[in-house]
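J.:
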Amino acid sequence: MVYHGKNDFSQICNMDVNHIRNFCIIAHIDHGKSTLADRLLEMTGSVETAKDQMLDSMDLEKERGITIKLKAVRMKYSCEGRKYELNLIDTPGHVDFEYEVSRSLAACEGAVLLVDASQGVQAQTIANLDKARRAGLIIIPVVNKIDLPYAMVDKSVEQLMDLGFKKDEISFISGKTGEGVKALIEKIIDVVPFPRTSSEISQALVFDSFYDEYRGVVVFVRVFGGEFKRRDDIKFIASKASSRITEIGYLSPKEVIVNEISDGQVGFIATGLKDLSKARVGDTISRVGESPSPVPGYKEPIPVVFLGFYPQDSSKYTELREAIQKLSLNDSAFTYEPENIGSVGRGFRCGFLGLLHADVVMERIKREYGIDIIATSPSVRYVVKLTNGEEIVVKSASEFPDPSYVKETLESWAEIDVYTSVKYIGSIMELCSSRRGKYVSTDYLGSERAKISYKIPLAEIIVDFYDKLKSVSSGYASLDYRINEYVPAEIARVDILAANDKIPPLSQLVQKKEAYDAGKRIVLKLKDLIPRQQFKVSLQAVIGGKVIAREDISPARKDVTGHLYGGDVTRKNKLLDKQKKGKSRMKRFGKVDIPQDVFWKVMER
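Take 2 as the starting number for the sequence shown in the numbering used here and just add one per residue.
#1: Any contact of the segment 542-549 with the segment 424-436, i.e. 3+ C-beta pairs under 8 Å?
#2: Count the other CB atoms within 10 Å of the CB of residue 390; is the residue buried (16 or more) or exposed (fewer)?
#3: Buried or exposed: where does residue 427 fall if 16 or more other Cβ atoms within 10 Å of its Cβ makes it buried?
#4: In whole angstroms, give me the CA-to-CA distance for residue 167 and residue 252.
#5: Can you tell me the Cα-Cα spacing of residue 411 and residue 382, whole angstroms?
#6: For the segment 389-467, which segments carrying the alpha helix (DSSP H) assignment without a break, of at least 4 residues, lie completely within its bounds, in sequence order?
#7: Kindly confirm or deny that the segment 173-183 and the segment 79-89 touch, where touching means at least three C-beta pairs closer than 8 Å.
#8: Taking residue 311 as the reference, which of 268, 346, 297 has the closest Cα?
#9: Please tell me whether residue 240 and residue 284 are closer than 8 Å, where the distance is taken between their beta carbons.
#10: Starting from residue 370, trace the alpha helix (DSSP H) both ways and give me its first and last residue.
#11: How about residue 305 and residue 356: are their beta carbons less than 8 Å apart?
#12: Is it the case that the Cβ atoms of residue 174 and residue 145 are separated by a distance below 8 Å?
#13: For the alpha helix (DSSP H) holding residue 486, just list the boundary residues, first then last.
#14: Distance, Cα to Cα, residue 161 vs residue 118?
#15: Answer yes or no: the CB of residue 90 versus the heavy atoms of the ligand MG, is any distance below 7 Å?
#16: Given a cut-off of 8 Å, decide if residue 220 and residue 185 are closer than it, judged by their beta-carbon atoms.
#17: Which residues mark the beginning and the end of the alpha helix (DSSP H) in which residue 517 is found?
#18: Should residue 75 go down as buried or exposed, given a rule of 16 or more other Cβ atoms within 10 Å for buried?
#19: Just to confirm the assignment, what range does the beta strand (DSSP E) spanning residue 509 have?
#20: Along the beta strand (DSSP E) that carries residue 350, what are the first and last residues, could you check?
#21: Beta carbon of residue 222, beta carbon of residue 265: below 8 Å?
#22: Out of curiosity, what's the CA-to-CA distance linking residue 509 and residue 327?
#23: Quick one: what's got a C-beta closer than 8 Å to residue 230's C-beta in the same chain, skipping five residues either side?
#24: Reducing DSSP to helix, strand and coil, say where residue 174 ends up.
#25: Reducing DSSP to helix, strand and coil, say where residue 34 ends up.
#26: Roughly how many angstroms separate the alpha carbons of residue 282 and residue 208, rounded to a whole number?
#27: If you pair each beta-carbon of the segment 187-201 with each one of the segment 148-155, do three or more pairs fall below 8 Å?
#28: For residue 326, list the residues DSSP reports as bridge partners.
#29: Going by the beta-carbon positions, is the gap between residue 203 and residue 170 smaller than 8 Å?
#30: Look up residue 160 in the DSSP assignment and say whether it is helix, strand or coil.
#31: Starting from residue 274, trace the beta strand (DSSP E) both ways and give me its first and last residue.
#32: Which residues in the same chain as residue 480 place their Cβ atom closer than 7 Å to its Cβ, once the five residues preceding and following it in sequence are excluded?
#33: Evaluate residue 309 with the Cβ neighbour count: other Cβ atoms within 10 Å of its Cβ, from every protein chain shown; 16 or more gives buried, anything less gives exposed.
#34: In or out: residue 408 buried (at least 16 other Cβ within 10 Å) or exposed?
#35: On a Cα-Cα basis, can you pick out the residue from 373, 397, 387 that is closest to residue 352?
#36: Can you tell which of 324, 378, 106 has the C-alpha that lies nearest to the C-alpha of residue 365?
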């Protein structure tokens, strides 16, 4: 095959379906997906010179060096006199954003499995490979970063062969220098099958979306049958919403407007819808008057971590609601519902796939909408069976019923796989055991690597488990987890009082036998985090009406006798007594000033 450089395909709308290739790049975090995407854009002539992380458009993605939102970009390539349309979907690698990967798999026929030659096969490499195989995709194994002086190419090849690949199937590239990328493009054309038509009537899967102030809801779709044209009347099968297409196009990587997109193609449709709930990711679009079945293959993400979001300025509640509504459209795994907690005011109970996911959403609310928020302590989902036979789902400590009405509480457990060097097995097993983990197995992947499997309560891994894992393994362990089951547990609600005022965002659901340790840990941490007030502050951890732990914050003291010189000691005592009485009045009427970040930091162990 011969690469002919940049080509002008801007006038082509109806590409022969045999010349379309839809593929994604899947890999562990930081294995070079975004860099490879940059080289693909360059070598297909989609851009003159690719800037670093072309498809990572969010500031957060560039700063953290991770992909958060998937991107779909169309590229054109000529070889042997034929013109091909390559639709690439770039995906995240972090375990918290694996739901983005499931969307891209549903829209593709092939996947490039990328492995960093300096790190080898990692947890998300295997997790994403399993998903791609279950989706029936053709997989191209690729060893990346072969230009690094410490690249372990042969070892990476052995690990891929252990996963079932043949040596001659493996490609070798450097996404940074471009070595081997041209051959990879041609291999994609040769190996990945062209899109198969599943229906003769118009049918398209929504795999991503965003809200535009002028165009309304804009959805990214993969067409599985028929065609869609500007001014067509369309409907969403699940939401029952209908609208008229105002604009059609694709990214290359900038927006290119066309008159239509047809069977097998990937593009975007501006719907004009203003109601954010009417166009959800995973839904199927059809033209009005046609009745196709929903496109299969999409798995709806289930949030596992819950936090309360409250505006620091209560007058910005409406602005926070609008920001959350818009973010939830772009992020189908982000859920929310209104919540009202006494002294804190009105806010939202939000669901996420992990704490990195939550942290990213918090940062986007602050940057993109200028709203400072208070985030409550993270919690997981509990199933509570009541004495009257009713069964409820509890997502926060404030929802937990009175113990006298509770018959049984079920706690969510996860099955985790940790991939690491064999020399860290002992320290990792010790960490898992300290988090109530139950050992499952250890599988050796060659002479130097192993997979350790544990069952562990989800509540024990959502906060700082990943950081601790990296610490005890010197950064060489990787983690994959999945919700496994619900197990009976003895749960108690620990409330925190500051100067006798209950602080609802700090309430936590913990194991009864660990309640004292949890309460003591929280009040000790609060003692360091809350600044001194003008009066003495008592911090108490309580279960029901029983105090299980207490710490006191000494008052900030002004030197009221500093101006005195000589004289009788009674003058000094009179001033100190006056100060003491003033502090007593403050204690009765004063409110404790708690910094915004305390609610987040108190969870770190």
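Glycine included, each C-beta is placed from N, C-alpha and C at the ideal position. Keep in mind the model is a prediction, meaning the values are calculated, not measured.
T.: Reading from the atomic positions:
#1: no
#2: Along the sequence shown, one-based indexing puts residue 390 at 389. Looking at its Cβ environment, which holds fewer than 16 other Cβ atoms inside 10 Å, residue 390 is exposed.
#3: In the sequence shown, the residue the question calls residue 427 occupies position 426. Residue 427 should be labelled exposed.
#4: Indexing the sequence shown from 1 puts residue 167 at position 166. Indexing the sequence shown from 1 puts residue 252 at position 251. In a straight line, the C-alpha of residue 167 is about 35 Å away from that of residue 252.
#5: Translated into the one-based positions of the sequence shown, residue 411 becomes position 410. Translated into the one-based positions of the sequence shown, residue 382 becomes position 381. If you take the alpha carbons of residue 411 and residue 382, they lie about 9 Å apart.
#6: 426-435
#7: Verdict: no, contact absent.
#8: The count along the sequence shown starts at 1 and reaches residue 311 at position 310. Selected option, being the one with the closest Cα: 346.
#9: For this step, residue 240 is matched to residue 239 along the sequence shown. For this step, residue 284 is matched to residue 283 along the sequence shown. For residue 240 and residue 284, yes; Cβs fall inside 8 Å.
#10: Residue mapping note: residue 370 aligns to position 369 of the sequence shown, counting from 1. Run containing residue 370: 356-370, per the alpha helix (DSSP H) assignment.
#11: Within the sequence shown, the letter at position 304 stands for residue 305. Within the sequence shown, the letter at position 355 stands for residue 356. For residue 305 and residue 356, no; Cβs fall outside 8 Å.
#12: If you number the sequence shown from 1, residue 174 lands on position 173. If you number the sequence shown from 1, residue 145 lands on position 144. Contact: yes.
#13: The residue labelled residue 486 in the question sits at position 485 within the sequence shown. Segment 479-490 is the beta strand (DSSP E) holding residue 486; no alpha helix (DSSP H) there.
#14: What you label residue 161 is simply residue 160 of the sequence shown in a count that begins at 1. What you label residue 118 is simply residue 117 of the sequence shown in a count that begins at 1. So the two alpha carbons sit approximately 11 Å from each other.
#15: The model on display carries no ligand, and the ligand MG is accordingly not part of it.
#16: The count along the sequence shown starts at 1 and reaches residue 185 at position 184. The count along the sequence shown starts at 1 and reaches residue 220 at position 219. Cβ atoms of residue 185 and residue 220: not closer than 8 Å.
#17: One-based indexing of the sequence shown puts residue 517 at position 516. First-last of the alpha helix (DSSP H) with residue 517: 516-530.
#18: For the purposes of this step, residue 75 is taken as the residue at position 74 of the sequence shown. With 16 or more other Cβ atoms within 10 Å, it is buried.
#19: Counting from 1 along the sequence shown, the entry for residue 509 is found at position 508. From DSSP, the beta strand (DSSP E) with residue 509 extends over 509-512.
#20: To locate residue 350, count along the sequence shown from 1; it is residue 349. Its beta strand (DSSP E) spans residues 346-353.
#21: The residue given as residue 222 occupies position 221 in the sequence shown. The residue given as residue 265 occupies position 264 in the sequence shown. For residue 222 and residue 265, no; Cβs fall outside 8 Å.
#22: Position 508 of the sequence shown holds residue 509. Position 326 of the sequence shown holds residue 327. In a straight line, the C-alpha of residue 509 is about 29 Å away from that of residue 327.
#23: To locate residue 230, count along the sequence shown from 1; it is residue 229. Closer than 8 Å at the Cβ level, and outside the excluded window around residue 230, lie 246, 249, 260, 261.
#24: Working through the sequence shown from its first residue, we reach residue 174 at position 173. It is coil, neither helix nor strand.
#25: Within the sequence shown, numbered from 1, the residue matching residue 34 stands at position 33. Reduced to three states, the DSSP call for residue 34 is helix.
#26: Within the sequence shown, the letter at position 281 stands for residue 282. Within the sequence shown, the letter at position 207 stands for residue 208. Approximately 5 Å, taken between the alpha carbons.
#27: no
#28: Looking up residue 326 in the sequence shown gives position 325. Paired residue(s): none; residue 326 is not in a bridge.
#29: Taking the first residue of the sequence shown as position 1, residue 203 is located at position 202. Taking the first residue of the sequence shown as position 1, residue 170 is located at position 169. Result no, Cβ atoms of residue 203 and residue 170 do not sit closer than 8 Å.
#30: Walking along the sequence shown from the start, residue 160 turns up at place 159. In the three-state reduction of the DSSP assignment, residue 160 falls in the helix class, which pools H, G and I.
#31: Reading the sequence shown from its first residue, position 273 is the one you call residue 274. Element bounds for residue 274: n/a, residue is neither H nor E.
#32: Numbered from its first residue, the sequence shown carries residue 480 at position 479. Closer than 7 Å at the Cβ level, and outside the excluded window around residue 480, lie 96, 124, 417, 419, 467, 470.
#33: As a first step, residue 309 must be located in the sequence shown, where it is residue number 308. So residue 309 counts as buried.
#34: Here residue 408 corresponds to residue number 407 of the sequence shown, with the count starting at 1. It is exposed - the Cβ of residue 408 has fewer than 16 other Cβ atoms within 10 Å.
#35: Looking up residue 352 in the sequence shown gives position 351. Checked all of 373, 397, 387; the closest Cα to residue 352 is 397.
#36: Within the sequence shown, the letter at position 364 stands for residue 365. For residue 365, the nearest C-alpha among the options comes from 324.
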